[in-house]
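J.:
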Amino acid sequence: MSLEFFNPPLKIFSSSSTKKGVEIGGAKSIISIDSDHNFYNEGNIYTEMSWAAFYEEEGLEDSIDTFTTTEFDSIREDPEALVDTIVKTIYQIINNRKIFYGIADFEVDAFLDANTTVIPGLKLDYEIINKLLEAHKRSREKDLFPKIISDDLDIKKIKIEFQGTKKNNVHIKGSKLEDLINKLRLAKGFAVGIVCTSRNAANMYIISDNIVFSKDEIAEVYIDDENIKVIEYGIKKKLLFPISWFRIDIGVRSLETLELWEQIKDNPDLNKAVGHYERYINALVYKKFKSVAESQKIGTDSEDDFYNMSPKERKKALKDMEKAIELLDKEYKE
2 MSLEFFNPPL KIFSSSSTKK GVEIGGAKSI ISIDSDHNFY NEGNIYTEMS
52 WAAFYEEEGL EDSIDTFTTT EFDSIREDPE ALVDTIVKTI YQIINNRKIF
102 YGIADFEVDA FLDANTTVIP GLKLDYEIIN KLLEAHKRSR EKDLFPKIIS
152 DDLDIKKIKI EFQGTKKNNV HIKGSKLEDL INKLRLAKGF AVGIVCTSRN
202 AANMYIISDN IVFSKDEIAE VYIDDENIKV IEYGIKKKLL FPISWFRIDI
252 GVRSLETLEL WEQIKDNPDL NKAVGHYERY INALVYKKFK SVAESQKIGT
302 DSEDDFYNMS PKERKKALKD MEKAIELLDK EYKE
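Residue numbers (our numbering): 2 to 335.
1. Which residue comes first and which comes last in the beta strand (DSSP E) that contains N268?
2. Looking at the strands, I want to know which residues DSSP matches up with N45.
3. Grab me the residues of G300's own chain with a C-beta within less than 7 Å of its C-beta, minus the 5 sequence neighbours each way, in chain order.
4. Distance, Cα to Cα, I219 vs I249?
5. Can you grab the Cα-Cα spacing for the pair I34 / P80, in whole Å?
6. What three-state label does DSSP hand R280 in the structure shown?
7. Please classify P10 as buried or exposed, where buried requires at least 16 neighbouring CB atoms within 10 angstroms.
8. T69 by DSSP, collapsed to three states: which one?
9. In angstroms, rounded to a whole number, what distance separates the CA positions of L187 and V253?
10. Below 6 Å CB to CB, which residues in the same chain sit around D74 once its five sequence neighbours on both sides are set aside?
11. What's the call for K223, buried or exposed, on a 16-neighbour Cβ count within 10 Å?
12. Just the Cα atoms here: how many angstroms apart are I282 and D267?
13. Pick helix, strand or coil for L185, following the three-state DSSP scheme.
14. DSSP three-state call for T198: helix, strand or coil?
15. Looking only at C-alpha atoms, which of V275, A82, T67, V23 sits nearest to N45?
16. Counting C-beta neighbours from all protein chains within 10 Å, is the total for P269 16 or more, i.e. buried, or is it exposed?
17. With V109 and I25 assumed to form a contact (beta carbons below 8 Å), what rounded beta-carbon distance in angstroms separates them?
18. Could you check the C-alpha separation between N183 and N272 for me, to the nearest Å?
19. If I follow the unbroken beta strand (DSSP E) through K157, where does it start and stop?
20. Which residues share a DSSP beta bridge with W246?
21. Using CA atoms only, rank isn't needed, just tell me which of E57, F107, D217 is closest to N42.
22. Assuming the contact rule is C-beta atoms closer than 8 Å, G165 and I207 should be a hit. Round their C-beta distance to whole Å, please.
23. Taking DSSP as the reference, what is the three-state secondary structure of E263?
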């Protein structure tokens, strides 16, 4: 199922190149989602692009000689600006009836370096890296990057789709906003992978993730070998063309991954905004589980039928409802 990504970091999905060099760089963005799980770039924490010039000597045409910074905008090392952006983003998400989804990192390096900074510690065979490098070169030569379109309000967007054996850890199932927040409110972890273009859309191929949806859950480390085989096959058949690396940290707890988190975590304005967001999502949880108390059903989807839950899940659902009501009652009395 494809989604729409509004205001994506444009350069990451449409970098330019010539025989003399290639555009490389990265972006870190705060992402929200709506009830249809569409992605919205609420603001960039940093964007950086450089022109990497190749050597002119024969045999070194694909090796980088020099870098020239062409674009740089960052607040990741400015605690005051970082807090201001996060606070404004949280209130913006609440006012627009969306959900804080997480923080997304994209890195386009033309697959010239196997040691991507977006996925530290990831070890892929050099044979695979070489295939990615050659396929990316074809993408540049034939301009096969995903098509970025504008709607009637001139808002830029692209089509995206997640691929992988555990893609539901990232593309969370739910027919209502309250269904999605009930999964995301305790979520922690990240998914990493490769963005490939196919039929003008950006396919997010997940290579690994350690996402959990409860405090007691422990993630199992894995590499999605089947998804890697799909990428290799798609490249071989010239159906897929790799663009960039990606990493998505999900949930509000993704803020803890920021480099300055320890420095900003006690900021009163930030804590006030996070408190407002918690009350906002508790209201959504209340809305979800109020129907359980009244009709013993959740939502309208058959798979959400209360009686199809296990006793443990049923107990947890009602406990969550009780906690949400308690918090809301306390808030309304203050």
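Virtual Cβ for every residue (Gly too), placed ideally from N, Cα, C.
T.: The structure says:
1. The residue given as residue 268 occupies position 267 in the sequence shown. N268 -> no beta strand (DSSP E), and no H or E assigned at all.
2. Here residue 45 refers to the residue found at position 44 of the sequence shown. Its beta-bridge partners are S30.
3. For this step, residue 300 is matched to residue 299 along the sequence shown. The predicted position of G300 is uncertain, since its pLDDT is 46 and thus under 50; a value taken from the coordinates is nonetheless stated next. Cβ within range, chain order: S176, K177, D180.
4. Numbered from 1 along the sequence shown, position 218 holds the residue referred to as residue 219. Numbered from 1 along the sequence shown, position 248 holds the residue referred to as residue 249. Rounded to whole angstroms, I219 to I249 spans 18 Å at the Cα level.
5. Within the sequence shown, residue 34 is the residue found at index 33, counting from 1. Within the sequence shown, residue 80 is the residue found at index 79, counting from 1. Roughly 25 Å between the two C-alpha positions.
6. Taking the sequence shown and counting its residues from 1, the one referred to as residue 280 is at position 279. Three-state result, R280: helix.
7. Position 9 of the sequence shown, counting from 1, holds the residue named residue 10. Under this definition P10 is a buried residue.
8. Translated into positions along the sequence shown, residue 69 becomes position 68. The answer is strand: DSSP assigns T69 an E or B state.
9. Position 186 of the sequence shown, counted from the start, is the residue given in the question as residue 187. Position 252 of the sequence shown, counted from the start, is the residue given in the question as residue 253. Cα-Cα distance, rounded: 8 Å.
10. In the sequence shown, residue 74 corresponds to position 73, counting from 1. So the qualifying residues of the chain are T48.
11. What you label residue 223 is simply residue 222 of the sequence shown in a count that begins at 1. The question names Lys, but residue 223 is Tyr in the sequence shown. By the 10 Å Cβ count, Y223 comes out exposed.
12. By one-based count along the sequence shown, residue 282 stands at place 281. By one-based count along the sequence shown, residue 267 stands at place 266. When rounded, the distance between both Cα atoms is 21 Å.
13. For this step, residue 185 is matched to residue 184 along the sequence shown. L185: helix per DSSP, three-state reduction.
14. Against the sequence shown, residue 198 aligns to sequence position 197. In this structure, T198 counts as strand in the three-state DSSP scheme.
15. Locating residue 45 in the sequence shown gives position 44, where the first residue counts as 1. Answer by Cα proximity: A82.
16. Translated into positions along the sequence shown, residue 269 becomes position 268. The residue is exposed, with fewer than 16 neighbouring Cβ atoms inside 10 Å.
17. The residue labelled residue 109 in the question sits at position 108 within the sequence shown. The residue labelled residue 25 in the question sits at position 24 within the sequence shown. Correct: roughly 6 Å between the Cβ atoms.
18. The count along the sequence shown starts at 1 and reaches residue 183 at position 182. The count along the sequence shown starts at 1 and reaches residue 272 at position 271. Whole-angstrom Cα-Cα distance: 21 Å.
19. One-based indexing of the sequence shown puts residue 157 at position 156. Start and end: 157–164.
20. Taking the sequence shown and counting its residues from 1, one reaches residue 246 at position 245. Partner(s): E108, I195.
21. Here the question's residue 42 lines up with position 41 in the sequence shown. Comparing Cα positions, the closest option is F107.
22. Indexing the sequence shown from 1 puts residue 165 at position 164. Indexing the sequence shown from 1 puts residue 207 at position 206. 3 Å between Cβ atoms; contact.
23. Taking the first residue of the sequence shown as 1, we reach residue 263 at position 262. E263 falls in the helix class under three-state DSSP.
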